[in-house]
Each structure stands twice: as structure tokens, then as C-alpha cells.
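Undergrad:
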Amino acid sequence: MVEKSLNSLQVNPEEELDHIFKMSLHCICIADINTTNFLQVNPAFETILGYKPEELINKSFLDYIHPDDIQPTKEIVEKNLRLGKKIIHFENRYFRKDGSVVWLDWVSHPDVEKGITYAIGSDITQKKNMELDLKESERKFRTLFEKSTDPILILENGIFTDCNKAATAILGYKSKRGIVGKRPQEISPDLQSDGLSSEEKAGKEIKIARENGYNRFEWVHLDRNKNEILLDVALTDISEEGSERLFTIWRDITTARRNEEALRNKKKELEEIFNTMPDALVYATSNRKIMKVNQAFERLFGYKEEEVLGKETRILYENEGEFLKQGKLRYNIDVRDVFDTYEIRYKKKNGDVFLSESIGTPVRDAEDNVVGLLGIVRDITEKRNAEKALHESQERFFQLFNNMADGVAIYEPDEEGMHFRFVDVNSAGERISHIKRSEVKGKYLHDLFPGASIYGLVQAMRKVYKTGTPKFIPLKEYQDKRISQWVENYVFKLPSGNLVAIYKDTSKEKKNVYELKEYKDRLDLAMESAGQGVWEFDFNTNMVTFDRIAARMLGYSKYSLTEPAEDAFARIHPEDYDNALKAFDDYLHDKAADYQQQFRIRCRDNSYIWIHSFGKILRRNEDGTPALVIGLHTDITKRKKNEAELKKYRSHLEELVNERTREIEEKNMELERMNSLFVGREFRIKELREMVKELKEKLKKKEE
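Everything in the sequence shown is counted per the numbering used here, starting at 14 for the first residue and increasing by one.
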């Protein structure tokens with residue numbers, strides 16, 4: 014019975030695997046590694062890519078991959094899967110059915126005998142976007158850090174590890190070397206202005222910053238010429254685990270201290286300001302006697318100061334009734350600190366009456382009693398004329414609004430900027446969006462254009478409404494059930510609080526962009542195949558940028574590399590540095606027709622490669638100095654290695670030839686000696702034979 018019960022609880026493995034296959038949140042598929050066709054996919058494909066399983070079966074997965082990732086994916090299939098190698102963590106991009114892009118991280122296990130592979134893909138789009146956002150954030154921080162006009166430094170474990178140009182400039186240094194690597198007390202006098210030693214004060218202030226997260230204090234530094242500079246220093250603790258790091262901002266207050274003495278004379282300056290104010294100023298006592306007026310008052314009312322001093326302000330009003338009315342409103346114990354601006358008619362010395370815009374504030378004594386009133390009077394005759402002109406200008410604006418080629422929509426925010434209602438749209442907007450003005454007024458944006466949130470327009474409008482900062486939405490595709498088009502938007506806020514969006518349909522331009530991108534991709538492929546990368550030197554920012562290919566030569570990621578010029582030049586091998594810089598300098602100063610140089614350059618891993626560098630001035634400043642130089646880097650390391658090997662081979666060959674030559678010469682000399690001996694021997698034998706012959710003849714004669 015027990016065994017029977019246990020058997021009834023057993024799960025069919027195939028059913029279990031099928032359940033996992035269908036319920037998994039990851040893309041699971043079986044694909045033919047020869048045709049690259051999907052043979053089986055799970056429902057997660059529809060969730061992640063938007064395609065139903067039946068839409069993908071017997072379709073090549075290469076058809077859905079981003080163009081930039083097709084070739085790498087093919088190489089994975091050919092060099093790994095078809096050879097039976099397991100692939101773990103291969104990333105590529107797929108197009109969703111709606112045209113958006115998804116990053117997938119794959120694990121693939123091939124079965125070569127069956128000609129298939131099993132693969133699981135995880136959606137890592139959010140992770141990739143976060144990585145890109147982080148890099149962009151770091152780039153923006155570095156740009157802000159380097160280009161900020163405020164001196165900014167990084168203090169790590171009590172040592173300056175980085176600073177921007179503003180920091181080096183304030184101390185008179187030409188580069189960061191005067192500051193980086195030093196402690197604050199090393200570029201400071203022995204004692205600070207509070208009597209503490211620089212070393213003691215540095216430790217004290219850093220400790221406060223670490224404990225409170227922030228600290229602000231005064232510090233005396235020494236510039237390059239040992240002159241004292243008084244700085245207002247702000248330390249912000251940005252420490253990470255295992256590292257004490259402080260974000261430092263300097264503000265030069267040397268001049269401010271010197272000006273403190275001058276500030277004591279502000280009373281006289283304020284007097285001068287009083288007299289030079291463009292608006293008429295009049296100070297009257299609590300019983301409305303005029304005590305002081307400025308020069309603008311004299312010009313506006315026509316009175317000299319001595320003509321009005323001690324007299325009641327009634328001489329300035331259009332009539333007695335107005336004088337009494339303003340007395341009740343302005344001169345009472347309940348008067349506020351500052352009056353709201355009000356309009357009133359005043360009378361000049363010559364009897365002319367003019368409309369003014371006035372504002373006043375009570376003057377109080379030490380006991381907070383009102384002792385007088387300071388009034389500001391401005392003739393608004395011209396203002397009224399300007400308002401009339403403004404009205405006419407608004408009329409012209411509406412004419413321009415209705416005749417602009419770009420679409421313009423005006424929105425009224427609702428619910429504190431959460432939703433936006435159409436106020437108006439111009440004729441171009443009607444044409445571009447296929448709507449009528451009468452149909453949109455008073456309607457909500459999200460009702461008429463439901464895709465506006467996906468497109469990003471609603472989010473952008475909320476930010477503009479909150480911050481007041483205009484925002485540009487780059488070219489993107491807008492889609493809903495009614496229309497589909499490529500548009501770009503520029504959103505800004507009006508003083509009234511309403512928002513304006515200027516937009517245009519750039520669907521045709523988008524097609525041109527795709528064609529241009531395809532051309533650029535081809536050009537990049539050609540340059541990468543040729544081992545050539547592009548570099549740019551912006552003299553106005555003193556920054557050098559290596560494109561993706563040039564950066565990869567140096568061992569960096571596929572993204573471009575931008576760094577200060579001094580860091581870029583520091584990569585040149587010390588033995589090649591002088592020649593390389595001289596060649597570049599000669600070209601910049603027209604001492605050479607062009608710039609071409611071969612030298613070694615340091616890579617990310619501190620190894621060196623040989624490059625052939627070519628450059629040309631692309632743009633100059635108004636004064637004729639170079640503004641932008643652009644050029645090519647060609648990796649010639651292999652060629653240099655081959656040349657070295659060839660030189661070494663030739664040298665070895667010459668040694669062998671010389672050695673063989675010496676051996677031949679020695680053999681020749683030996684042969685000559687042997688030949689000489691042989692020739693001498695033959696000659697002696699011949700001589701002996703002749704002697705024998707001669708003796709025989711003599712003997713013969715004797716016998717006869």
C-alpha cells in the first residue's frame with residue numbers, strides 16, 4: 014500500500030520539464046545550429062520580445078538580432094556551437110516586435126550529433142542601460158570637473174589625488190603636478206591665520222568633515238611664487254569603503270578680505286547710489302514732511318531739493334483728496350513693511366499730471382516705531398506706451414504662431430503639472446498631427462495622444478514644468494492607433510506657467526539618418542580592417558579623443574576614449590617623445606608641410622605598440638591658431654616586428670657569409686701553397702732527368 018501511494022506521487026520528468034519550459038521567465042529555445050532556425054521556443058519569448066512562439070518557429074534567430082551583433086553571433090555559432098563547445102554569458106541585442114531593442118544574456122549547450130543547441134536567454138536590458146547611464150554620468154562628472162570655473166580637488170587619505178585647471182590656475186601652476194600627490198600642508202605656510210600649524214589644522218578640519226559629512230573653513234595656501242592666498246574651503250565627504258575621500262571646492266576670498274575695509278565706507282557709497290537711482294526717491298517724516306530727495310526726483314518733478322525740503326508732500330499730489338486718501342492708506346500704525354506697488358497720479362512743479370507706479374516702505378526707529386516713509390516713484394507713461402506696443406507684438410506673435418512651418422502646441426498644466434491640457438495648436442500642428450484646433454482645445458494630451466508617455470513627452474513636460482529648464486526630446490518614433498511618425502520636440506515654460514512644445518515631422522530625415530549610419534558602419538568596418546583609428550585634438554578644451562578603433566588599439570573598451578592632452582602625450586615612449594612632439598610642433602608652426610610620425614605608444618596594460626600617426630589641421634580660431642587637429646593612427650607593430658626580424662636575419666646572414674668567405678680564403682691560400690710545392694717538385698724532376706740524360710750521353714761518348 015505504501016509503495017503504491019509513493020508511486021502515485023511520482024512526477025513524470027517530461028511533464029516536469031515541460032512545466033518548467035512553459036513557466037520560465039527566461040527565453041528557452043531549441044535551435045538548428047546549421048540553419049540557425051528556431052525549432053522550439055517557450056512563452057517567455059512573447060513576454061520579452063513580443064512575438065508569439067508560432068511567429069518564431071522555423072525562422073532564423075539572426076533575423077531578429079541587431080545588425081551590429083549579427084556577425085559576432087555567427088562567429089559564436091561557427092566557432093563554438095557547431096564544434097560542440099558550450100557557450101556561457103554571450104550577450105547580443107534583439108529587436109522586439111514593436112521595434113525596441115532588448116539585451117539578452119545567453120547560455121547555450123549544443124548537441125552536434127543532433128545538429129541542435131539548447132539555449133536560455135535572460136533579459137539584461139535594464140542592467141545594460143544602467144551601465145550606459147553610469148558611464149554617461151561619469152563622463153558628465155569628469156566634464157563638469159574639468160571645465161568648472163570653480164577650483165575643484167579630490168583629497169584621498171589626506172593627499173590631493175586630482176584637481177581641475179581652475180585649481181592649478183589659482184595657485185599659478187601650469188599642470189596638476191604642482192598639487193597632485195601633495196598634502197595640503199605641503200603647499201601652505203607653516204602657520205595658518207588662526208595660529209594653528211598647517212599640519213594640525215588640516216587634520217582637525219578633515220576630521221570634522223568626516224564626522225559631519227561636510228565642513229567649511231578658511232585656509233591659507235601658497236601659490237607657485239610663495240604668495241599667500243586666502244581660500245574659503247568646502248569639504249564634502251564622499252568616502253567609500255576602505256578609502257577616505259573628500260570632494261574639495263576652493264573659493265578665493267583674498268580680495269574679499271581686502272575689500273572689508275572698503276565696505277566700511279558703504280554709507281557714502283549708498284548716498285551716491287541714492288542720488289544716482291534712475292527712479293525718483295523721496296523720504297518723508299511721519300507727519301509727511303519731505304526730508305530728502307534724489308536727483309531723479311528733481312528731474313521728474315521739476316523741483317530742486319531745497320525747494321521741497323521741510324514741505325508737506327501735498328505739493329506732489331494731483332489734488333487734496335488724493336493727498337488725504339494716501340495719508341490714511343500709508344501713514345498709520347498698521348502699515349506693512351513694504352507696500353504693494355500701486356498706481357497714482359502726481360503733479361509736477363509746472364502743473365503737468367502724470368501716471369506713476371509707486372512703492373513705499375516705512376522707516377522705523379530702534380523701538381520699531383514708524384518715523385517716516387521712503388517712497389519710489391516711476392513715471393509709467395512710457396510703460397503704458399510699451400504695453401500698447403506689446404499688445405501689437407502679441408498680435409504679430411499670433412500671426413507668426415499660425416504661419417510657422419513647425420508645429421506649435423500650448424499646454425496648460427493641471428494637478429500641479431501631472432497632466433496637461435491643450436490651450437491651442439497652430440496650423441502646422443494640425444497638419445502634422447492630423448487634428449483640428451477645435452477638436453483639441455481643452456482636451457488632455459494623454460487622451461488625444463495615448464503614446465505620448467511611451468514617447469517620453471509627458472515625462473519631459475513634467476520636468477520642464479517643475480524646473481523651468483527647457484528640454485529637447487531628440488528624434489524618436491511616435492506611434493498610436495491613429496498615427497505613426499518620427500518627430501522631435503522642444504519644450505519650454507512660459508512666464509504664465511503654460512508649456513509650449515515645438516515639433517516637426519522628420520520621418521524623411523530619419524530615413525536619411527539610417528542611410529548615413531549604414532555608410533558610417535561600412536566606413537568603420539573598412540578602417541577597423543585596415544587597423545586605422547581616428548584621433549582628435551581640441552586645442553580650445555585641451556582634450557584628445559580617440560575613436561572606438563583607436564581606443565581599442567590601446568586596450569580600452571569599444572567606446573571612445575577622451576583625456577587631457579598632457580595625458581595623451583604622456584603615452585608616447587620616452588625614447589620617441591622628443592621626435593614625436595617636434596614633428597607635431599613643426600607642423601603646427603608651418604615648419605613642415607604635413608604631420609606624419611612613427612612612434613611607440615603606451616597601452617592600458619603598460620605595454621607599447623608601434624603606430625604611424627598622421628594629422629591635419631581641420632579648423633582654426635579667428636586669430637589663426639589651430640582649433641582642431643584630426644588624424645589617423647595606424648598600428649604598425651607587426652610591421653616593426655617583421656622589420657626587426659628581417660634586420661636580425663640579414664645580420665646573421667652577413668656573419669655567415671663573412672665566415673664562409675674567410676674559410677674559402679684560407680683554402681685558397683692552402684691550395685696556392687700546395688700548388689707552389691707541386692710546381693717546384695715537377696721542375697726539380699725535370700732538371701734531374703736532364704742531368705741524367707746529359708750524364709748518359711757523356712758516358713756513351715767515353716765508351717766510344
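The beta-carbon is built from N, C-alpha and C at its ideal position, and this holds for glycine as well.
1) Determine the DSSP secondary structure at His122, reduced to helix, strand or coil.
2) For the segment 278-295 against the segment 253-269, do three or more pairs of beta-carbon atoms, one drawn from each stretch, fall closer than 8 angstroms, so that the two count as touching?
3) Any idea what DSSP makes of Ile221, helix, strand or coil?
4) Starting from the C-beta of Gly442, find all residues in its chain whose C-beta is less than 7 angstroms away, skip the five residues before and the five after it, and write them out in chain order.
5) For Gly628, which beta-bridge partners are listed by DSSP?
6) Determine the direct distance from the alpha carbon of Ala399 to that of Arg377, and round the result to whole angstroms.
7) Any chance you could list the beta strand (DSSP E) runs of at least 3 consecutive residues sitting entirely within the segment 397-481, in chain order?
8) Report all residues from its chain with a CB closer than 6 angstroms to the CB of Gln610; omit the five preceding and five following residues, and keep chain order.
9) Under the three-state reduction of DSSP, which class applies to Ile266: helix, strand or coil?
10) May I have the straight-line CA-CA distance separating Val504 from Ile33, to the nearest angstrom?
11) Between the Cα of Pro375 and the Cα atoms of Asp365, Glu395, Gly340 and His586, which residue gives the shortest distance?
12) Express the C-alpha separation of Ile221 and Asp81 in angstroms, rounding to a whole number.
13) What do you get for Ser201, buried or exposed, if any count of 16 or more other CB atoms within 10 angstroms of its CB means buried?
14) Note down the Cα distance separating Ser18 from Glu29, rounded to an integer number of angstroms.
15) Find the nearest neighbour of Ala309 within the set Arg444, Ile286 and Asn300, judged by alpha-carbon distance.
16) Are three or more beta carbon pairs between the segment 106-121 and the segment 71-88 nearer than 8 angstroms?
17) Applying the criterion that 16 or more other CB atoms from any shown protein chain within 10 Å of the CB defines a buried residue, is Asp2 buried or exposed?
18) Does Thr519 come out as helix, strand or coil in the three-state DSSP assignment?
19) At a cut of 8 angstroms, does the segment 634-652 reach the segment 545-556 through at least three beta carbon pairs?
20) Assuming Asn50 and Asn71 are in contact, meaning their beta carbons sit under 8 angstroms apart, how far apart are those beta carbons, in whole angstroms?
21) So the beta strand (DSSP E) Glu282 belongs to, where does it begin and stop?
22) How about Leu235 and Leu248: are their beta carbons less than 7 angstroms apart?
23) Would you kindly check if the distance between the Cβ of Glu370 and the Cβ of Thr394 is under 7 angstroms?
24) Over what stretch of residues does the alpha helix (DSSP H) that includes Ile580 continue unbroken?
25) Excluding the five sequence neighbours on either side, which residues of its own chain have a C-beta within less than 6 angstroms of the C-beta of Pro463, listed in chain order?
26) Leaving aside the five residues before and after Tyr227 along the sequence, list all residues of the same chain whose C-beta is less than 8 angstroms from its C-beta, in chain order.
27) Between the segment 448-456 and the segment 469-480, are three or more C-beta pairs nearer than 8 angstroms?
28) Which of the three DSSP states, helix, strand or coil, is assigned to Asp392?
29) Excluding sequence positions up to five away, which residues of its chain have a Cβ less than 6 angstroms from the Cβ of Phe612?
30) Within the same chain, show all residues whose beta-carbon is closer than 7 angstroms to that of Pro639, passing over the 5 residues directly before and after it, in chain order.
31) For His432, which option in His459, Arg444 and Glu159 has the closest C-alpha, if you only look at C-alpha atoms?
32) Can you tell me the Cα-Cα spacing of Asn363 and Ala514, whole angstroms?
33) Where are the beta strand (DSSP E) runs, 3 residues long or more, that stay fully inside the segment 193-248, in chain order?
34) Smallest Cα separation from Leu209: which of Arg190, Arg196 and Glu231?
35) Taking the straight line between their C-alpha atoms, what separation do you get for Ala539 and Ala44?
36) What does Ile562 pair with, by DSSP beta-bridge criteria?
TA: Inspection of the coordinates gives the following:
1) strand
2) no
3) helix
4) Gly420, Val421 and Ala422
5) Tyr608 and Gly644
6) 37 angstroms
7) 420-427 and 432-438
8) Ala593, Ala596 and Ser626
9) coil
10) 48 angstroms
11) Gly340
12) 52 angstroms
13) buried
14) The predicted model places Ser18 with a pLDDT of 44, which falls under 50 and marks its position as unreliable, so this point remains unresolved.
15) Ile286
16) yes
17) Examination of residue 2 is not possible in this model, given that the chain is present from 14 through 717 alone.
18) coil
19) yes
20) 5 angstroms
21) It is not in any beta strand (DSSP E) - Glu282 instead sits in the alpha helix (DSSP H) that spans Lys279 to Thr289.
22) no
23) no
24) According to the sequence shown, residue 580 is Asp rather than Ile. Counting along the chain, the alpha helix (DSSP H) containing Asp580 begins and ends at Ala578 to Phe582.
25) Asp493
26) Ala247, Leu248, Thr249 and Asp250
27) no
28) strand
29) Ile585, Asp589 and Ala593
30) Phe552, Leu601, Ile630 and Arg633
31) His459
32) 53 angstroms
33) 227-235
34) Glu231
35) Any answer about Ala539 is weak, because its pLDDT of 49 lies below 50 and its placement is not dependable; what the coordinates show is given next. Taking the straight line from one Cα to the other gives about 32 angstroms.
36) Looking at the DSSP assignment, Ile562 forms no beta bridge with any residue, so it has no partner.
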